[in-house]
């Protein structure tokens, strides 16, 4: 694996031990996950134990050790969104995408995640796909949202068990 | 840019900026908080800007994008000054009318005005709208009025005058005394007196001290800190510099959660500008005091809102708290004395210094001085951010400011304090909002989330939701929290799915007690609060779930069935089309039915029916 | 006259402190040893004086060496003297007072993970439960090791551990010692109680840091990064030696994945009769034997 970008990211943070989380976040944004070789390089250059890096990589929700989908769907499960049907929304997404929350569709197009409050509670229930927010989403609007990113509609199970 | 070195220079600059603002120019502010952005306020702003150019208003009117105005329910929001006209639910194609009617002809566009649900009258002026009228804004003083990416707007409103005063005419001990006198208590949840904390940090042994700002805001349903960080980042920065001066720290950290990218961006811009003007860096205001701030993003862990876990995260480790037998003001970040306060706490500090402790202490109650920002969300008509003096009753917040319950349903309870807090029932709605009063009622102030519930919300479901949340967010270090929340979650799921037994509640109560007594940190020791407070006030709901296998509010999936009310159904056929399981049958214009065996209770028919003909019971 | 010998004259607190100082990462080790050395070589005279004065004068003795300050506290109503920086647990053990522990180990830094060592301190409304392995003694502290709240917490913790790791002999013994004869949760069969002793052993004593925790909450587990053979593991077997549950997450059933395979040599827990009662174990049949049979 080409580690030039990883080295650049580490350089940006001056290889400081306390910047581990920031470094991981930039790597996560770059590769959509934390590749094992990247983690190993960070460990070498920051001179920290591999167990510490691995603990940090698995402790925080932002990081993933397996590649995430092209588009990340975050369904907000903050309290306000929950009260306005957030849980049902997650279940409907799971059904339509045929993937459990936290997982990625087989075609690597979508990763479905729940998130604990995006801070736009007045617009509950909220769904964020990448950087775009969809407000007041109801079950019937899901297919339309998915079609925006997967126009050919492959792999959806709408209407089937 | 010449750095500002004396209070006189600051005042001179402020006068220059004020003079530079065209006095008779009309100012159009468009809310750019995350809420309104999600509703398309970016496009609205672009459209208005286009129209202003098209209709030849360049120079006579100026467009500003600001931080969160607070009235998120009605976004996108546009305010026009100096007439103080308030438009809500503005769409892109309203831009032309706004420019031609209001900006040029000075008339209001009626359809965009707020209608007061009680009086059914249209209200044009921002300050007359009940949502805003009853608020008193200190921490949110600049939100919605200034462009958060422009330090000059902050300066024009008196920004950094507090810092100038503290650093040039007060000693650190005097600053601490002022904050102590003001009675400011931590706004992040603990409610610990801020001045006292600063004093302990200053007096702790050691030559290096750190200052940390907790911008993690993990409570689901709370977005006060986000709005302050996005909409008025300089107020936080100024507060931090004053605090650092008071305790003698030279390095500060702003810990912002990763889920707030706009906040991180605006804070970053603000820090750069503060450095440019000399408010951050070396020799601030020629006082010999140096201070720098760094932004650290969180990794996505609610437990990192706990101070020792936050510091572990800043050190590049996993966010595992440690028992606070030795407090972090004595041994915190890298074992050095560290002062940690919440975003809102710091945002109040510049005003306290500029206007004096007595001014701040003149608001609020005896035990809780000043104001508090609440995020009023849930089943209330006017959801959004409100800042009110402490001591106001819950009834006033929910009904006067909030406008009452959505769809005029029955008020059932309000949840305060996030996952560590509890529910307050209808019988206590006239309670004054105050740190100690809320704790007495079995809840807590927390960071300020206020979630209103009506009779369609199930309290068992609420307890289950919070317990599930805490179980996922538990760091896993100590046994009572890791295992205890998990087992509580299992039992609550059993109850909500109809498998509750007469043993369920006693076992839950025992677990709750062990959790509260034995946990290492506040996440664990308050984890049982949602269950305990809902049990205290809504025991009958638990019993209905357990004994009758029934969910009175119609929420718990396994205990309800979806059916169509024949006398209400108009036969519009919409649910038939949307049902993913083809479980709806019926002819057009005739009442429809749901086949219970095929129904998977996905709720889509309920969502799409415009006639409220789908019942869940 | 080295600082490591244990002369009869030496106050038991010295001995204990020396023992405690053997932590790889604790800087106080160096200070403590130096201090002892200093006392021993140069000031035997004052050492004797000190021992004498501790025995006969029941009050806090302030010496020039600040690490010999004593404090007075009460445990279960009994007045006890302890070194200023000792923990409640160490003090209790020195005085023969029993406090159960799981994640505590004398030669490793305490963490307060398992919460089994909780004791109650303080009075009235300000009483609270603290983990005795990490809480340092203070002048005038009032400690209760068997108050009703402590017992409630302990029992529930053991019940919870029993629900996840029933075949651990250590937990079975502790449970039967506390008369826990029911378990009201869904039974699971984990073999790791996540006490972290193995991690601390590997880090502090062996300076290898080959294994560690990962994940949080329910997903917390223990093992080598990426679940692969560790390059820094020296196969010392230390982790197995300190494990209270006797079966480790870091070993596997296939030899290639196991760290050192040492567990293949361990006898089943029901044969290690260290803390054994009259009955085989309080659960019948013995779960460990049942599982080994599959």
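Chains as they are written, first to last, in my numbering: chain X, 544 to 704; chain V, 11 to 627; chain S, 145 to 438. Note that CB positions come from ideal geometry on N, CA and C, so glycine has one too.
Item: Can you name the start and end residues of the beta strand (DSSP E) that residue 244 of chain V belongs to?; Value: Counting along the chain, residue 244 of chain V falls outside any beta strand (DSSP E), though it belongs to the alpha helix (DSSP H) covering 243-257.
Item: Using only alpha-carbon positions, find the residue among V:272, V:551 and V:307 that is nearest to residue 663 of chain X.; Value: V:272
Item: Is the Cβ-Cβ distance between residue 458 of chain V and residue 385 of chain V less than 8 Å?; Value: yes
Item: Counting only C-beta atoms, is residue 333 of chain V closer than 8 Å to chain S at any point?; Value: yes
Item: Is residue 376 of chain V helix, strand or coil by DSSP?; Value: coil
Item: List, in order along the chain, the chain S residues whose C-beta lies closer than 8 Å to that of residue 490 of chain V?; Value: 259, 297, 300, 301 and 304
Item: If you follow the beta strand (DSSP E) that residue 230 of chain V is part of, which residue opens it and which one closes it?; Value: Element bounds for residue 230 of chain V: n/a, residue is neither H nor E.
Item: Check the Cβ of residue 628 of chain X against every Cβ in chain V and list those closer than 7 Å, keeping chain order.; Value: 613
Item: The beta strand (DSSP E) that contains residue 275 of chain S, what's its start and end?; Value: 272-275
Item: Count the CB pairs spanning the stretch 255-275 of chain V and the stretch 233-244 of chain V that are closer than 8 Å, and state whether there are at least three.; Value: yes
Item: Residue 385 of chain V touches chain X at which residues, Cβ-Cβ below 9 Å?; Value: 623, 662, 664 and 665
Item: Looking at the secondary structure, which residues open and close the alpha helix (DSSP H) in which residue 56 of chain V lies?; Value: 51-64
Item: Beta-carbon within less than 8 Å of residue 593 of chain X's beta-carbon, same chain only, minus the 5 sequence neighbours each way: which residues are those?; Value: 582, 583 and 586
Item: Out of V:340, V:54 and V:186, state which residue places its alpha-carbon closest to the alpha-carbon of residue 107 of chain V.; Value: V:54
Item: Taking the C-alpha atoms as reference points, what is the distance between residue 572 of chain X and residue 440 of chain V?; Value: 48 Å
Item: Figure out for me which residue from X:620, X:644, X:602 and X:640 has the closest Cα to the Cα of residue 314 of chain V.; Value: X:602
Item: In the DSSP output, which residue or residues are listed as bridge partners for residue 464 of chain V?; Value: V:421
Item: Which one of V:521, V:63 and V:300 has the shortest CA to CA distance from residue 110 of chain V?; Value: V:63
Item: What is the residue span of the alpha helix (DSSP H) that residue 30 of chain V lies within?; Value: 17-30
Item: By the three-class DSSP mapping on this structure, what secondary structure does residue 262 of chain S have?; Value: strand
Item: Can you tell me whether residue 573 of chain V is helix, strand or coil according to DSSP?; Value: strand
Item: Going by CA-CA distance only, name the one from V:512, V:26, V:359 and V:112 that's closest to residue 165 of chain V.; Value: V:26
Item: Is the stretch 478-498 of chain V close to the stretch 303-317 of chain V, with three or more CB pairs under 8 Å?; Value: yes
Item: Check whether the Cβ atoms of residue 300 of chain V and residue 306 of chain V sit closer than 8 Å, and answer yes or no.; Value: no
Item: Assuming residue 13 of chain V contacts residue 287 of chain V under a Cβ cut-off of 8 Å, what Cβ separation, rounded to an integer in Å, is found between them?; Value: 6 Å
Item: Check each candidate in V:552, V:519 and V:34 and name the one with the smallest Cα separation from residue 508 of chain V.; Value: V:552
Item: If contact means a Cβ-Cβ distance below 7 Å, which residues of the stretch 363-385 of chain S contact chain X?; Value: 369 and 370
Item: When you compare the CB positions of residue 358 of chain V and residue 149 of chain V, do they come within less than 8 Å of one another, or not?; Value: yes
Item: Can you tell me whether DSSP reads residue 370 of chain S as helix, strand or coil?; Value: helix
Item: Take residue 202 of chain V and list the residues in its own chain whose beta-carbon comes closer than 6 Å to its own, dropping the five residues that flank it on each side.; Value: 196
Item: With a threshold of 8 Å between beta carbons, is residue 360 of chain S in contact with chain X?; Value: yes
Item: By the 8 Å beta-carbon criterion, what residues does the stretch 234-259 of chain S contribute toward chain X?; Value: none
Item: Any idea what DSSP makes of residue 416 of chain S, helix, strand or coil?; Value: Here residue 416 of chain S scores only 39 on pLDDT, less than 50, and its place in the model should not be relied on; the value that follows carries that caveat. The answer is coil: DSSP assigns residue 416 of chain S none of H, G, I, E or B.
Item: Just how far apart, CA to CA, sit residue 595 of chain X and residue 593 of chain V?; Value: 52 Å
Item: Report yes or no: is there a C-beta of chain X within less than 8 Å of the C-beta of residue 146 of chain V?; Value: no
Item: Determine the extent of the alpha helix (DSSP H) in which residue 656 of chain V is found, giving its start and end residues.; Value: Absent from the structure is residue 656 of chain V, since the part of chain V shown begins at 11 and ends at 627.
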